[in-house]
Structure formats: structure tokens, C-alpha cells
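Novice: There's a structure below that I have some questions on.
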Amino acid sequence: MDLDFTEKRVLVIGGSSGIGLACAQEFARRGATVAITGTRANKAAYGDGASALEPFEFSSLNLATPGAIDQWTAPFEAVDVAILSQGAVEYRRKEFEADTFRHVVEVNLTSLMACAQKLAPALEARAGSLIIISSVGGLRATRGNPAYSASKAGAIHLTRTLGDAWAGRAIRVNGIAPGLIATKMTAVTTSDPDRLQERLRGIPLKRLGLPKEVAGVALFLASPLASYIVGETIVVDGGRTLS
């Protein structure tokens, strides 16, 4: 079966919630051994959300701290699939402030390269797949979030560049650009009925996306079905960026 990941080792950076957690769950359902990272000290620190993390090996990794990845030890010596799902966003025009801008770019872009470099030998050992989660915010202007938009655009182009650079090492690098997905990060929009309806009017499917719908694309990209795809970022947005 092309979507059978039995005996495969999958690592999800930023896998404690949202899209990252959905990816971890979907790969585990298909037989993979899955490890995740999160910013809190341990699983118990996630309170009511801890039970969802129970099936996975967990390690703490706060990528907002420059150099954190250098002090972190990967759970596997060889990795079949690595998903970089870390992300940060700030609202109320905070991203126009220099310190906040740097923080968001550190998490959303700089840490992607740091993680990719750290995991490259483990991926090369298994001819693995690296999947970078970006956003449709990197494809269009996001008025109140200059750091988020710029960093996600950078993530999309980093995906292309690493795809080109590492194909010769048998590492396939691809990405996913989600639109409005029902996660904690988008709650500022989804919890406001008026704001939500305004956003849904711009989505041809007229609904929010689900984290598992993004995870389904990750399954595809990591599978033999995508064996000739390199450097691409697949948009998963219900048609939002079509116009």
C-alpha cells in the first residue's frame, strides 16, 4: 500500500497541536513510529491536551530561542519523514515592532533552516522526505502581519531551494501552504462570528479547513505516490487564493 508507513520513523517538529498534531496522528494510524516536539517541558504540561500526545515520543524544543536546535537531540538516528510545523504569529499590529518581527521570523523561517540542517543526515540515511509547512500568507499580502507574511514567503522559497540542493542526497523536500484551518493559531478569526463569515465569503468551499485535511497532503508527499515531486508547495486553502 502506498500510504502504509509501517516501520517508518516520522518526526514532527511543532507536533503538540493543530496541523502538526494531525500529521502525527495520521502517520501513526498508518503504522509509523512517530516522535513530536513542543515548546512545553513535557506532555503533562499540556493539561487537557496531554492525552492526545500520549502515543508519541515527546521532546521539548522552543525554537524561539536562537541556537535551541543545536542543544536538542533528535529521537531517531535515521528519519523517513520530517515535518517542520513550527509557527508563530502576533496580532494587534505587534509585528510592526522590531523585536516582535524578529521573533516571528526566527520561528517561521530561521528555525526551518536550522532544523533542516540538523535533520539532513538522518533523512539522507533513509532517503527521506522533508515537508515544510508554510501558509498562503506567504503568497499574498497580510496587512496586519508583515513578519508572518514575509517569513512564510521565505519558507516557500526555502522549500524550492532545499529541494534543488538536496535532491542529489536522496532527500525530497516539499511543502504545504494551508489556508484558514481550524487551529489555535486561527482562533482570533474563527472565534469571532462576524470576522469568520467575512473570511468564509472569500473561500469558494465556504468552510474552514481541518487539520487532518492538511495532514492528508503530508501523507501523499511522504509516500511513493509523490516520488517524482521535489521543491513544490501544495496549497490547501479551499480555493481562497484562486482570486
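Position one of the sequence shown corresponds to residue -6 (the working numbering), numbered consecutively onward.
Built from N, CA and C at the ideal position, the CB exists for glycine as well.
Source: prediction; values computed, not measured.
1. Please confirm whether leucine 4 and leucine 112 have their CB atoms less than 9 angstroms apart.
2. If you follow the beta strand (DSSP E) that serine 53 is in, where does it begin and where does it stop?
3. Pairs of beta-carbons, one from the segment 53 to 70 and one from the segment 102 to 112, closer than 8 angstroms: are there three or more?
4. Kindly indicate the opening and closing residues of the beta strand (DSSP E) around valine 223.
5. Leaving out five residues on either side along the sequence, give the residues of the same chain with a beta carbon under 8 angstroms from the beta carbon of alanine 175.
6. In terms of alpha-carbon separation, which member of Leu198, Tyr221, Pro171 and Thr234 lies closest to alanine 208?
7. Please list, in chain order, all residues of the same chain as aspartate 73 whose beta carbon is under 6 angstroms from its beta carbon, the five residues on each side excluded.
8. Short of 8 angstroms in beta carbon distance, which residues of its chain neighbour alanine 134, apart from the five on each side in sequence? Order them along the chain.
9. Spatial neighbours of glycine 168 within its chain, please: CB distance less than 8 angstroms, with the 5 preceding and 5 following residues excluded, ordered by chain position.
10. Count the other CB atoms, across all protein chains shown, that sit within 10 Å of the CB of leucine 218; report buried if there are 16 or more and exposed otherwise.
11. Can you find a C-beta in chain C that's less than 9 angstroms from the C-beta of alanine 170?
12. Grouping DSSP H, G and I as helix and E and B as strand, with all else coil, what is leucine 4?
13. Compute the Euclidean distance between the alpha carbons of proline 68 and glycine 137, then round it to the nearest angstrom.
14. Within 10 angstroms of the Cβ of threonine 26, are there 16 or more other Cβ atoms? Answer buried if so, exposed if not.
15. Could you spell out the range, first to last residue, of the beta strand (DSSP E) harbouring proline 68?
16. Quick check: what's the CA-CA separation for glycine 40 versus asparagine 55?
17. Would you mind reading off the limits of the beta strand (DSSP E) that contains isoleucine 174?
18. Could you give the distance in angstroms between the alpha-carbon of phenylalanine 94 and the alpha-carbon of arginine 162?
19. Of all the options Gly7, Gln18 and Pro114, which has the alpha carbon lying nearest to the alpha carbon of leucine 212?
20. With a Cβ-Cβ cutoff of 9 angstroms, do cysteine 108 and alanine 140 count as a contact?
Specialist: Taking the definition as stated:
1. Translated into the one-based positions of the sequence shown, residue 4 becomes position 11. Translated into the one-based positions of the sequence shown, residue 112 becomes position 119. Yes. Within cutoff.
2. To locate residue 53, count along the sequence shown from 1; it is residue 60. Taken as a continuous stretch (DSSP letters only), the beta strand (DSSP E) holding serine 53 covers 50 to 53.
3. yes
4. Translated into positions along the sequence shown, residue 223 becomes position 230. That residue, valine 223, is in no beta strand (DSSP E); it is neither H nor E in DSSP.
5. What you label residue 175 is simply residue 182 of the sequence shown in a count that begins at 1. The beta carbon of alanine 175 sits closer than 8 angstroms to the beta carbons of Thr183, Leu201, Gly202, Leu203 and Pro204 from its chain, once the five residues preceding and following it are set aside; these are given in chain order.
6. Here residue 208 refers to the residue found at position 215 when the sequence shown is read from its first residue. The option with the nearest alpha carbon to alanine 208 is Pro171.
7. Within the sequence shown, the letter at position 80 stands for residue 73. If we look at aspartate 73 and ignore the five residues flanking it on each side, its Cβ neighbours are Lys1, Arg2, Arg119 and Gly121.
8. Here the question's residue 134 lines up with position 141 in the sequence shown. Here the set comprises Ser142.
9. Position 175 of the sequence shown, counted from the start, is the residue given in the question as residue 168. If we look at glycine 168 and ignore the five residues flanking it on each side, its Cβ neighbours are Ile124, Ile125, Ile126, Ser127, Ala148, Ile149, Thr152, Glu225, Thr226 and Ile227.
10. Counting from 1 along the sequence shown, the entry for residue 218 is found at position 225. The residue is exposed, with fewer than 16 neighbouring Cβ atoms inside 10 Å.
11. Among the protein chains of the structure shown there is no chain C, as only one such chain exists.
12. Taking the first residue of the sequence shown as 1, we reach residue 4 at position 11. Strand, per DSSP.
13. Start at 1 with the first residue of the sequence shown, and residue 68 comes out as number 75. Start at 1 with the first residue of the sequence shown, and residue 137 comes out as number 144. When the Cα atoms are used, proline 68 and glycine 137 turn out to be separated by approximately 37 angstroms.
14. As a working mapping, residue 26 is identified with position 33 in the sequence shown. Answer is buried; the Cβ neighbour count reaches 16.
15. Counted from its first residue, the sequence shown places residue 68 at position 75. Per DSSP, proline 68 belongs to no beta strand (DSSP E) and is neither H nor E.
16. By 1-based counting over the sequence shown, the position of residue 40 is 47. By 1-based counting over the sequence shown, the position of residue 55 is 62. Cα to Cα, the separation comes out at about 18 angstroms.
17. Here the question's residue 174 lines up with position 181 in the sequence shown. Here isoleucine 174 belongs to no beta strand (DSSP E), and DSSP marks it neither H nor E.
18. Locating residue 94 in the sequence shown gives position 101, where the first residue counts as 1. Locating residue 162 in the sequence shown gives position 169, where the first residue counts as 1. Their Cα atoms are separated by approximately 34 angstroms.
19. Counting from one through the sequence shown, the residue named residue 212 turns up at place 219. Nearest of Gly7, Gln18 and Pro114 to leucine 212, Cα basis: Gln18.
20. Along the sequence shown, one-based indexing puts residue 108 at 115. Along the sequence shown, one-based indexing puts residue 140 at 147. Going by C-beta atoms, cysteine 108 is not nearer than 9 angstroms to alanine 140.
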